[in-house]
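Undergrad: In the working numbering, the protein residues as written are 13 to 273.
Ideal placement from N, C-alpha and C gives every residue a C-beta, glycine not left out.
Computed from a predicted model, the values in this text were never measured in an experiment.
Following this line, the structure appears as structure tokens:
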């Protein structure tokens with residue numbers, strides 16, 4: 013009798029342990045699946061508007077969560093080295109520069125161009141200095157913010173050089189910074205700055221603080237918006253789905269709403 017009870021108890025214990033093990037395995041597998049369904053995207057702040065909007069739409073339509081982290085590279089690069097699935101750039105040279113700084117991180121075979129965006133001139137609300145053209149930026153008393161990086165490296169010089177305006181614009185550059193985030197801080201903190209040669213798209217993020225002076229089509233300069241998968245992504249199927257989603261006409265229209273061509 014005691015032997016039968018002992019064997020029955022042992023069998024019951026084994027069944028309980030087996031059930032607990034299966035539950036733990038199931039929970040772990042579910043966690044793994046949930047982790048696989050997160051796409052982590054990193055890049056500069058310029059394209060954040062359309063990227064974030066489309067990430068939210070993609071999640072609503074597919075159930076696959078997309079996290080977009082944007083801003084100056086120094087603020088997110090350590091995290092991106094651990095879990096990035098996608099890196100995008102604010103210009104073609106910007107992503108190329110990233111690839112040179114972090115060799116092997118980007119899967120160059122997956123690199124693709126999304127949509128171009130044009131440069132323009134941001135001015136104060138109401139345009140008190142009556143800036144209507146690149147030529148107006150050479151007038152006495154005009155103070156310009158210059159972003160010497162963040163996809164805008166050489167942007168004003170390329171625009172001015174075609175019209176012989178380099179000396180005049182250079183003379184009126186009141187401050188140079190390395191990121192758009194810094195430019196925005198200075199713009200908001202000090203009303204002495206009159207103009208910022210940058211992408212038209214920034215106006216759509218700063219509508220309360222800026223008016224946009226669009227350049228004539230023959231004067232415009234366009235730069236691209238590249239995107240690429242990382243080599244270490246463990247979620248390539250979902251990542252490819254999201255990149256393909258960004259290339260649809262519906263997504264193109266969202267980019268256009270935010271100032272892209």
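So who's on the other strand from residue 238, going by DSSP bridges?
TA: The sequence position of residue 238 within the chain shown is 226, counting from 1. Answer is 125.
Undergrad: For the segment 163-199, which segments carrying the beta strand (DSSP E) assignment without a break, of at least 3 residues, lie completely within its bounds, in sequence order?
TA: 185-189, all fully within the segment 163-199.
Undergrad: In whole angstroms, give me the CA-to-CA distance for residue 203 and residue 96.
TA: Here the question's residue 203 lines up with position 191 in the chain shown. Here the question's residue 96 lines up with position 84 in the chain shown. Going by the C-alpha atoms only, they are around 38 Å apart.
Undergrad: Please list the terminal residues of the continuous beta strand (DSSP E) segment that includes residue 224.
TA: Working through the chain shown from its first residue, we reach residue 224 at position 212. Residue 224 -> beta strand (DSSP E) spans 223-225.
Undergrad: Please classify residue 58 as buried or exposed, where buried requires at least 16 other C-beta atoms within 10 Å of its C-beta.
TA: Here residue 58 refers to the residue found at position 46 of the chain shown. So residue 58 ends up on the buried side.
Undergrad: Determine whether the beta carbon atoms of residue 134 and residue 214 lie at a separation below 8 Å.
TA: Looking up residue 134 in the chain shown gives position 122. Looking up residue 214 in the chain shown gives position 202. Yes, Cβ-Cβ distance for residue 134 and residue 214 is below 8 Å.
Undergrad: Taking the Cβ atom as the reference point for each residue, do residue 55 and residue 99 lie within a distance shorter than 8 Å?
TA: Looking up residue 55 in the chain shown gives position 43. Looking up residue 99 in the chain shown gives position 87. Contact: yes.
Undergrad: With DSSP as the reference, please indicate the residues paired to residue 134 in a beta bridge.
TA: What you label residue 134 is simply residue 122 of the chain shown in a count that begins at 1. DSSP output for residue 134 lists 208 and 224 as bridge partner(s).
Undergrad: Using the three-state DSSP reduction, which class does residue 119 fall into: helix, strand or coil?
TA: Within the chain shown, the letter at position 107 stands for residue 119. The answer is coil: DSSP assigns residue 119 none of H, G, I, E or B.
Undergrad: Touching or not, the segment 235-251 and the segment 124-139, by the rule of three or more beta carbon pairs under 8 Å?
TA: Cβ pair count under 8 Å is three or more, so yes.
Undergrad: How is residue 244 classed by DSSP in three states: helix, strand or coil?
TA: Here residue 244 refers to the residue found at position 232 when the chain shown is read from its first residue. Residue state, collapsed to three classes: coil.
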